[in-house]
Structures are given as structure tokens and as C-alpha cells.
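One structure is given here, and the rest of the page talks about it.
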Amino acid sequence: MALDGNAIGGLLLEIFAAEMTSAEATCAACGAVRPVAETTVYHRGPGTVVRCRSCTSVLMVISRVRGLNCVDLSGIEVLRVRPASG
Amino acid sequence: MAGTAVRRRLSWVVATVATVTDETDSVRTIALDLPDWPGHQAGQHLDVRLTAEDGYSAERSYSIASADGEPVAITVERLDDGEVSPYLTQELRPGDQMEVRGPIGSWFTWGPHDGGPLLLIAGGSGVVPLRAILRHRQRSGSNVPARLLYSSRSLEDVIYREELDQYRGNAEVRYTLTRRQPPRWDGFAGRVDDAMLDRIAWPASQRPLAFICGPTRFVEAVAELLVARHYPESRVKTERFGGA
Amino acid sequence: MTSPVSRGFHRLSRPGDAQAGKLPPGQHATTDFPVLSAGPTPHTPLQEWSFSIRRGGKTLRTWTWPEFMDLPAETVTVDIHCVTRWSKLGTVWRGVPVPALLNQVALDAQYVLAFSDGGYTTNLPVKDVTGGQAWLAFDYDGQPLPPEHGGPARLLVPHLYFWKSAKWVRGLELLDHDQPGFWENYGYNNYGDPWREQRYAGD
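Here it is as C-alpha cells:
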């Protein structure tokens, strides 16, 4: 069953070296804006697929190929990330 | 400064099991010795990695059950066909080691500055991060009103019962038992529904902040009920665990 | 830094492991049937379901569910291998051999791109979906294929990694040139032979 962006907080920390679950993602397909924590996540497969909770379009795909994280963010129009504070 | 904090959380560190406490027949709390722990917010979780002798490794995420300032602890529910949870709830002993990454999370977290009133709704082991929120609220001396509605199959499945029963005043805990209720049960019975929320949910006009945690289906059903009662989506925070 | 061993932790051993002689490299046998997906489970009602063969933007042939059910089907027992390293031995399926569908169109293509409800795609050479190697499967283990495992019908191509066995398949696009599908675009191998351990691009 699908989870949400909280489940990939660690993976995103590894990729972005930043806490990303509160980052707001604008769906490139439907314009819905949501924190990454509230996206729909499918992560038991060849890779992790993150989808817009409103329209189910793919926001992000993360695959791990020979130890490298391969990240496709093209489904996100804008990602707003608050800088880490002190 | 910030870079160091992030780097510390980014890497896997070795944790040693300090104590194990059986909460119910299938649920155990594991307290960890974690050197240089940077502290954590209520609602955050840890990623745990176990490595076998043959090099096979498995990773899982567990909500932190304790409040900041207390020893870091996770509470794990044993899934009968699981690979990791039977090991953690039955085999693991004080002195054993695991790798841990975290704390992780910034959306599904609460501190007194986030205000309230708080509506916490837990399904099964989803109570773990919400219990951390209540503990943190109490330790920080916050007066933010809080209500926890905790859905469990039966009274035997309720985790942290003694602790939760002690909340008084403007922190209130109510249970709903979905499969079996003991004789003379005066709590709720059955699945969370509108009638139950009529009795426990803050009206939307009070601008409550809701946290829902548990199996995916439970979380989505409850979130829908709250949004239908005009809770804004931005004030209904959800965390889905695996399973139904 | 090497990870410390967690005393007493080991992979869940399952009875199927005893048949290790039949496993491709890097795989272990499982007796359950994990559900892995890239998106929500579609629930297309049978009266709306169709399977099409297309080429260059044109639909060459379509089958409704009753028409599909009229095609000759066979029961096969095969081993399946997922790129996430689990294998399931001796799985029983019932399905229509893909040539029974391809033979009804002018087949002058070298490659196909299977497409599914929800937008999933995967590419295969035509020679890998013919010659008794591929079926359009609608029954698993004697029961109608459940939605979470790709029902009402999925592609079944057991000699390749299981991501090539597209769930919820709705058709095949005939192509002159190979075109990577969903996972192939994200770093997975274009062909996917488990016996040569072709998991990732470049393997």
C-alpha cells in the first residue's frame, strides 16, 4: 500500500543533505502545492516513485543504480525549501 | 554550524541497545545508547539498519517514542511475517548493536511553539510518535490543550496504557476498541467515525492542529473525516505506516 | 566504515531457498508474493477493458474482454525473478500466448513497448514475446488475477526480470527502434536478462 513522504525522509536527507519533508512541491501537471511529507510514495519496487496526492502524476522518481542515487524531479514545477537554521 | 548538524544526522551511527521493555505481547520499546545525539523533535523518526554476518542488510524506519532529553527509544510492533520486527521484539538484547540514521522529519513534528489545540489520532502502533508529542508537551510545561483518540483492536493491544491513563486536566486520552471490548467498558467502540469525532474533535473554529498516524487506510479515512469538518488540509498532518 | 553485525540477525529464510540451484545470480527464493508498484492500483471494469496493438499512432486491432477470453489460452508453470532480488519458483498462470494477438496484425516491427493503465511502460524485442516466451496472463494460481498483482490481465515474460511483465497491460505499441520504458529510463537495463544479471543500464 502507498505511504507518504515521511517514509523517504532518510533517503531525501541522503540525496539533498537537507531535511526535505517540509519542502513544498508544486505539481507540474496540476499545480497542487503540498509538503513532500504529504505526497503519495510507492517505494517497494525497482525504485521509489513519488506522486501528487491530488492528480497522481509522478513528481519524483528515485532509483539506486550501483550505489548512486538517480533522481528525476521533472514532475515538480517548483520545490520550495526553507534553509536550515542554526 | 548548521552544516555539522546536518552531517551528523546524515550518517549512519552505531547505536547500542540499553534496555528493552515489553509493552504488550507483540510490542517492545527499545532504548538506545547514542553517542553525540543532537536531540530530536517529537514526531521524528529513526532509520534503523541491521547487518547480518553474511553481509545482508535490511533497513526500516521507527518513530521515536521518547521526548527530547529522555534516552532515545523506539517502540516496535512485531509483524508475524516480518523480517526485522520479530528480531527486534524477540531476539535483540541489551548490548547488541544496530546502525541508526536521524532524527528524520520536519513536517510531522510538534513543539509548544506550534500551538494548538492539538488533536492526536492514533491507529495501532501509530500511537508511538503521538505519545512522544504528549511526553514532550508535558516535559516542556506547555498548556496547549491536547486530546488523543487512540484506536486499537482490543485493550490488550493498547500500548503505554498506564502512562496514557495518567493524563489529566487539559490533556485528555480516549480509546476506541474496534474488535473486542472488556466487560463494563466505558470508552468508545468501533472505527473512528463522525459520531466519535463529534464528541472528541475540536471544532474547526478553534483552529486545531491535527496529527494522524497509523496504517494507510486508517489515516486516509480519518483525514477525510477531519477535512469534511472543515479542518484545513495544512493543519491535518499525516504519517502512514505500512499495512492496511 | 564497515557496518557492525547485529548479533543474531539474518535474512528471513524460507523453504524455497532449498531450491537454490534454479536461481539466477544474486536472487533468493521466496514463498510469498510481494506486491511492488509504481503507482495506485487501477480498477478498470471488464466492460471498459480492451487490449490494443498500435503502430505509429494508429490502432491496428483491439480486443474487448469477451473477445480476449475467446482466444486460445494455456496454463504454464514458470519461475519469476524480480530485480529487487526475490524469485518465486513454480508459479502457475493461465494466459493467452502473445503471438495469438500479434499474429492478427501485420507484424513488421522489431520491438514493442507495452503500455498499462496508470501510464507504466516497458520495452521488449518482438523476438522475446514470441516463441513460447510470453503470455497475456489473466489467472494466477487457479484464480482470476487480483488487481494488486496486475489484474485483470498482465504481461508475463518470465525469462526476463519481472518489471518487464507489465501489470495492468492494455496494449503493445509496435516500434522499429527500441524505446526505453519507465524503469529503463531510470537506470534499469534495457533488456533485463536475470541469468546474465542485467539489472542496470550498462550491465
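Protein chains in written order, with my numbering: chain A, 91 to 176; chain B, 47 to 290; chain C, 663 to 865.
All C-beta atoms, glycine included, are put in the ideal place defined by N, C-alpha and C.
Just so we're clear, the structure is a prediction, and the values are computed from it rather than from any experiment.
Cα-Cα separation between residue 836 (chain C) and residue 711 (chain C), rounded to whole angstroms: 20 Å
Under 9 Å between C-beta atoms of residue 222 (chain B) and residue 196 (chain B): yes
Outcome for residue 718 (chain C) when other beta-carbon atoms lying within 10 angstroms are tallied against a minimum of 16: exposed
Residues of its chain near residue 107 (chain B), where Cβ-Cβ distance is below 6 Å and the 5 sequence neighbours each way are ignored: 91 and 93
Residue from C:666, C:832 and C:795 with nearest C-alpha to residue 101 (chain B): Shortest Cα-Cα distance from residue 101 (chain B) to any of C:666, C:832 and C:795 involves C:666.
Beta-carbon neighbours of residue 688 (chain C), restricted to chain A and to distances below 7 Å: Result: empty, since nearest Cβ-Cβ is about 13 Å, beyond 7 Å.
Check whether residue 22 (chain B) and residue 124 (chain B) have beta carbons under 9 Å apart: The question about residue 22 (chain B) has no answer, for chain B in this structure spans 47 to 290.
Collapsed DSSP secondary structure at residue 789 (chain C) in the structure displayed: helix
Sheet register partners of residue 217 (chain B) (DSSP bridge): According to DSSP, residue 217 (chain B) bridges with B:192.
Straight-line gap, residue 723 (chain C) to residue 731 (chain C) (C-alpha atoms, nearest Å): 15 Å
For residue 259 (chain B): DSSP bridge partner residues: As a beta-bridge residue in DSSP terms, residue 259 (chain B) pairs with B:168 and B:285.
Proximal residues of chain C, C-beta to C-beta of residue 162 (chain A) below 9 Å: Neighbours of residue 162 (chain A) on chain C, chain order: 847 and 848.
C-alpha distance - residue 47 (chain B) paired with residue 812 (chain C), whole-angstrom precision: Confidence at residue 47 (chain B) is low in this model, with a pLDDT of 45, below 50, so its placement is unreliable and the value that follows should be read with caution. If I take the Cα positions, the gap works out to 50 Å.
At least 3 beta-carbon pairs within less than 8 Å: the stretch 187 to 207 of chain B vs the stretch 158 to 169 of chain B: yes
Start and end residues, beta strand (DSSP E) containing residue 91 (chain B): 91 to 97
Contacting residues, own chain, Cβ-Cβ under 7 Å from residue 148 (chain B) (five flanking each side not counted): 55, 90, 91, 92 and 93
Supposed contact pair residue 694 (chain C) and residue 756 (chain C) - C-beta distance, whole angstroms, cut 8 Å: Not really, about 21 Å apart at Cβ, beyond 8 Å.
Same chain, Cβ closer than 6 Å to residue 176 (chain A), neighbours up to 5 away in sequence not counted: Since pLDDT at residue 176 (chain A) reaches only 45, below the 50 mark, its modelled position is unreliable, and the value read off the structure follows with that caveat. Same-chain partners within the cutoff: there are none.
Residue 139 (chain A) versus C:698, C:708 and C:824, residue with shortest Cα-Cα distance: C:698
The stretch 267 to 286 of chain B / the stretch 233 to 245 of chain B touching (three or more Cβ pairs under 8 Å): yes
Whole runs of the beta strand (DSSP E) within the stretch 110 to 174 of chain A, excluding any shorter than 3 residues: 114 to 117, 123 to 125, 130 to 132, 137 to 141, 148 to 155, 158 to 162 and 166 to 170
Same chain, Cβ closer than 7 Å to residue 250 (chain B), neighbours up to 5 away in sequence not counted: Closer than 7 Å at Cβ, skipping near neighbours: 275, 276 and 277.
Supposed close pair residue 78 (chain B), residue 118 (chain B) - CB separation, criterion 8 Å: 5 Å
Beta-carbon gap between residue 754 (chain C) and residue 739 (chain C) smaller than 9 Å: yes
Interface flag, residue 69 (chain B) vs chain C, CB-CB below 9 Å: no
Contact set between residue 93 (chain B) and chain A, taken where Cβ atoms lie within less than 7 Å: 100
Residue 262 (chain B), buried or exposed, once every other Cβ within 10 Å from all chains shown has been counted against 16: buried
Cβ-Cβ distance between residue 127 (chain A) and residue 153 (chain B) below 9 Å: yes
Segment contact flag, the stretch 117 to 134 of chain A with the stretch 171 to 190 of chain B, C-beta cutoff 8 Å, min 3 pairs: The stretch 117 to 134 of chain A vs the stretch 171 to 190 of chain B: no contact.
Any C-beta of chain B under 9 Å from that of residue 149 (chain A): no
Beta strand (DSSP E) segments (min. 3 residues) lying fully within the stretch 135 to 169 of chain B: Scanning the stretch 135 to 169 of chain B from its first residue to its last, the whole beta strand (DSSP E) runs of 3-plus residues come out as 143 to 150 and 164 to 169.
9 Å Cβ cutoff, residue 93 (chain A) in contact with chain C: no
DSSP three-state assignment for residue 784 (chain C), whether helix, strand or coil: strand
Neighbouring residues, chain B, relative to residue 112 (chain A) (Cβ below 7 Å): 152 and 153
Between the CA atoms of residue 141 (chain A) and residue 94 (chain A) - distance to the nearest angstrom: 9 Å
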